[in-house]
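Just add 66 to wherever you are in the sequence shown, counting from 1, and you've got our numbering.
Accompanying notes for the structure given below.
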Amino acid sequence: MTVAQFKPGTVNVEKMAQEVLRRLLEKNGGGEPKPVPMNGTRQVQVPIGISVRHLHLCQEHLEILFGKGHQLGVYHELYQKGYFAANEQVMVVGHKRCLEKVRVLGPTRPFSQVELAQSEAIALGLKLPVCTDGAEPNTQPVTLVGPQGVITLPGGEGGGAFLARRHIHLSDVTAADWGVKAGDTVKLRIDGPRPVTFDDILVRVKAGWRTEVHLDTDEGNACLIRTGQMGTIIL
Ligand SMILES: [Zn+2]
67 MTVAQFKPGT VNVEKMAQEV LRRLLEKNGG GEPKPVPMNG TRQVQVPIGI SVRHLHLCQE
127 HLEILFGKGH QLGVYHELYQ KGYFAANEQV MVVGHKRCLE KVRVLGPTRP FSQVELAQSE
187 AIALGLKLPV CTDGAEPNTQ PVTLVGPQGV ITLPGGEGGG AFLARRHIHL SDVTAADWGV
247 KAGDTVKLRI DGPRPVTFDD ILVRVKAGWR TEVHLDTDEG NACLIRTGQM GTIIL
């Protein structure tokens, strides 16, 4: 029984919606959505995931913040297989304010990095660039406080804080099917009461990835879209 794994009173509606969506997509042609010709373009319906502020940690920093030999615990699995929201949360310290309980995403990575929305960066007093990953030269220094220790990420190639560049995850098979490659950019149209078209959705490709767009909370709130809802990629 699928429903039985959600305890009464703690039903995670977004997670259930994602699971229903995933099964519908699997039924319709073996998994990944396919573009259809429309008005001189090709368009394809894709699921949207809204990335809430989060951080990734290397094992060394995890142990400084949470203690020697600490391993991340799984809070819940993410839509992309092999990735998870961890039990661990840390405080992110800015120049003006702090953000308590920012969740760590697993597994651990070679570099630590903090991904915030612009509204959060402003509240914290941080001026952050848009980056694709946390070891780019212009990521910014930021301090993290855990239950066992404190660490300041140096920024730049040592890892730091940034605004995540919006992107779409595709498997190598789906990317070839759509005629796009890693590093390309595509448009995303969000319909609804506050319709928005986003340019500059970066294509990211890895074997085994499920098709999914990642926006941050500011971008999602701007067009009133939530995790598990659909958008239209325009090719
Ligand atoms: Zn992503």
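For each residue, glycine too, the CB sits at the ideal point set by N, CA and C.
| Would you say His280 touches ligand 1, meaning its beta carbon is less than 7 Å from a heavy atom? | yes
| If you draw a straight line from the alpha carbon of Gly135 to that of Thr263, how long is it in whole angstroms? | 46 Å
| field | Residue closest to Thr209, alpha-carbon to alpha-carbon, out of Met82, Leu144, Leu190, Thr298 | value | Leu190
| request: Can you tell me the Cβ-Cβ gap for Ile291 and Ile256, rounded? I've got them flagged as a contact below 8 Å. | output: 5 Å
| request: Note down, in chain order, each residue of its chain lying with its Cβ closer than 6 Å to the Cβ of Thr68, except the 5 sequence neighbours on either side. | output: Confidence is the limiting factor: at Thr68 the pLDDT is only 41, short of 50, which leaves the residue's position unreliable, though a coordinate-based value still follows. Hits under 6 Å: none found.
| task | Starting from Gln206, follow the beta strand (DSSP E) in both directions and report where the run begins and ends. | result | Premise fails: Gln206 is in no beta strand (DSSP E) and is neither H nor E.
| ligand 1 heavy atom lying under 7 Å from the CB of His233 | yes
| said: Quick check: Ala183 and Asp266, are their CB atoms within less than 8 Å of each other? | reply: no
| Around the Cβ of Thr174, are there at least 16 other Cβ atoms within 10 angstroms (buried) or fewer (exposed)? | buried
| task | Tell me the start and end of each unbroken alpha helix (DSSP H) in the region 122-183 that is at least 4 residues and wholly inside, in chain order. | result | 125-132
| task | Please look up how many angstroms separate the CB atoms of Thr251 and Val269, rounded, as I've assumed it's under 8 Å. | result | 7 Å
| query | Who are the near neighbours of Gln295 in its chain, counting only those whose CB is closer than 6 Å to its CB and skipping five residues on each side? | reply | Ile114
| query | Which runs of the alpha helix (DSSP H) spanning at least 4 residues fall entirely within the region 236-297, listed in chain order? | reply | 238-244, 283-288
| To which residues does DSSP link Val196 through a beta bridge? | Leu229
| task | Please check the pair Leu229 and Ile299, which I expect to be a contact at CB under 8 Å, by giving their CB distance rounded to whole angstroms. | result | Contact flag wrong, Cβ pair sits at about 21 Å.
| task | Report yes or no: is there a C-beta of chain C within less than 8 Å of the C-beta of Lys100? | result | The chain labelled as chain C is not found in the depicted structure, where only one protein chain is given.
| said: Using only CA atoms, which one of Cys289, Tyr149, Ile130 lies nearest to Leu281? | reply: Cys289
| request: Would you identify the three-state DSSP class for Val79, choosing helix, strand or coil? | output: helix
| query | In angstroms, rounded to a whole number, what distance separates the CA positions of Ser117 and Gln146? | reply | 12 Å
| Minimum C-alpha distance to Gly302 - residue among Gln125, Asp243, Met82, Ala152 | Examination of residue 302 is not possible in this model, given that the chain is present from 67 through 301 alone.
| query | Can you pull the DSSP bridge partners for Val216? | reply | Val211
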